[in-house]
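Just so you know, the sequence shown maps onto residues 179 to 525 in our numbering. We put the CB at the ideal spot given by N, CA and C, even for glycine. Structure first, then comments.
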Amino acid sequence: MSSEREAAVQATLPEAGGNETSSAQPRRNAPLWLSVAALAVALLAFLLSVPRIGSLQSEATRRLQTIDDRLAELQSADQPMRAELRDLRDRLAVLERRGFDIAGLQAQVENLYRNLAEDSTDVLLAEVESSLVLAGQQLALGVGAQSALAAMQELDARLARQDDPGLQPLRASLLHDIERVKAYPAADVGSLALRLDALMQSIDGFPLLSSVASRRRDANAQPSGGLGALRDELEQLFRVRRVDAPDAMLLAPEQSYFLRENLRLLLLNARLSLLSRNEKLFRDDVGRTIDWLRTYYDGDDRAVAGAVAQLRQLSGTRIVLEPPTLAESLSAVRAARAARATRDATR
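Below, the structure written as structure tokens:
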């Protein structure tokens, strides 16, 4: 039995040795196959990625072209902006040069203003004197009292703004003259002229002595007969009154027209004398008008009596008053100018 087992063992030994040899051979070839497999996988992956790489290249090319186009557009749009920028720079340079010129001109103006400010008081005093002379002439002519007063008040305001203590005496004198001008009772020539115009328009309605009819009977009187009726008839035929100018009762109609026109001319002359402030001629013309109204017109008429009363009132109105003088202000301003001239001469 043991011999059989040994024989079996020996019989199997060669086989075992042969199997070990055959199994060792694939183990040595395994790395090669792995390399080949990896290479094949890599090749397969490369082949599979070739289309994707191509699409990526196409996309990259397209995007690069788009970028180039945008860049070209930006460059084309940049040209006007650069030109505008150059224009702005040129303008800025011009403005800077003008700014320098303006600064120099401003310095000259400031220097001139300082020079004028030093002499501003002298200039103001000269203007005050000339304005006072003009205002005095207006007052002397009897016209422009209100304008003269306004000019004097404006001069006082300018002197107050000057804020110079040396001008206080002049201001005091000017204020005194202003009060005198305010108290000046100037005649209201405008209203007087309007009253004369109204009288000229009402002349045609004044009844003449030559055309006056007998008075009407009293409406409430009782009818009378006999001698009373005869008396009433005689009163209508005869009217007794005093007439200083008998020819006034004998005026013909055409003479009445010329009388009214001459009376209107008298009132017109009185109006012109009023506006020219000729008081003597004004009184003469008004007096002659009153005489004509009393001579040729019915003095018992209410309109005629009212016109005569108005004319007498106008004749008593003073149209020329003694105007105030500005001697105090003129003396003060001339003294101030002389004092400043003396002070400047002693410097």
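DSSP-derived helix/strand/coil call for residue i
i      : result
LEU266 : helix
LEU372 : helix
TYR475 : strand
LEU508 : helix
THR520 : helix
THR495 : coil
TYR435 : helix
ALA361 : coil
GLU500 : coil
ASN289 : helix
ALA194 : Because the pLDDT at ALA194 is just 42, under 50, the model does not fix this residue reliably, and the value given afterwards should be weighed accordingly. Three-state DSSP puts ALA194 in a helix.
ARG339 : helix
ASN456 : coil
SER308 : helix
SER254 : helix
GLY233 : In the sequence as presented, Gly is not what sits at residue 233; that position holds Ser. DSSP places SER233 in helix when its eight states are reduced to three.
ALA323 : helix
ASP463 : helix
ASP279 : helix
SER380 : coil
8 Å contact criterion, which residue i and residue j should meet: CB distance rounded
i      : j      : result
VAL511 : GLU307 : 5 Å
LEU352 : LEU333 : 6 Å
LEU387 : ASP476 : 6 Å
ARG461 : LEU444 : Not really, about 12 Å apart at Cβ, beyond 8 Å.
Selected residue, minimal CA-CA separation from residue i, among the options
i      : options                           : result
ALA330 : GLY314, ASP342, PRO343 and LEU319 : The amino acid occupying residue 330 in the given sequence is Met; Ala does not appear at that position. Closest option to MET330, Cα to Cα, is GLY314.
LEU508 : ALA487, LEU312 and SER236         : LEU312
ASP355 : VAL486, PRO502 and LEU459         : PRO502
GLU357 : ASP522, ARG521, THR524 and LEU504 : LEU504
LEU348 : LEU242, THR299 and SER236         : THR299
LYS360 : LEU327, ALA350 and GLY368         : LEU327
ASP366 : THR473, ALA335 and ARG496         : ARG496
ALA376 : GLY494, ARG260, ALA523 and ALA485 : ALA485
GLN379 : ASP279, ASP479, ASP469 and ARG442 : ARG442
SER325 : ALA338, ARG339, SER309 and ALA335 : SER309
Alpha-carbon spacing of residue i relative to residue j, whole angstroms
i      : j      : result
ALA304 : ALA323 : 22 Å
GLU506 : ALA519 : 20 Å
ASP396 : LEU317 : Residue placement at ASP396 is poorly supported in this model, since its pLDDT is 42, which falls under 50; the coordinates still yield a value, given next. Those two C-alpha atoms are separated by around 59 Å.
ILE381 : ARG438 : 7 Å
ALA250 : PRO229 : 31 Å
LEU471 : LEU446 : 15 Å
ARG394 : PHE384 : Bear in mind that a pLDDT of 39 at ARG394, under 50, signals an unreliable position, so the number given afterwards is only what the model happens to contain. Taking the straight line joining both Cα atoms gives about 19 Å.
PHE436 : LEU453 : 26 Å
ILE245 : ALA218 : 40 Å
LEU234 : LEU222 : 19 Å
ASP279 : ASN289 : 15 Å
GLU500 : ASP463 : 22 Å
SER200 : ALA220 : Unreliable positioning characterises SER200 in this predicted model, as indicated by a pLDDT of 48, which lies under 50. A coordinate reading is not provided.
Beta bridge counterpart(s) of residue i as assigned by DSSP
i      : result
LEU386 : TYR475
is_contact[residue i, chain C] using C-beta, thresh 7 Å
i      : result
LEU386 : Of the chains in the structure shown, none is chain C; there is only one protein chain.
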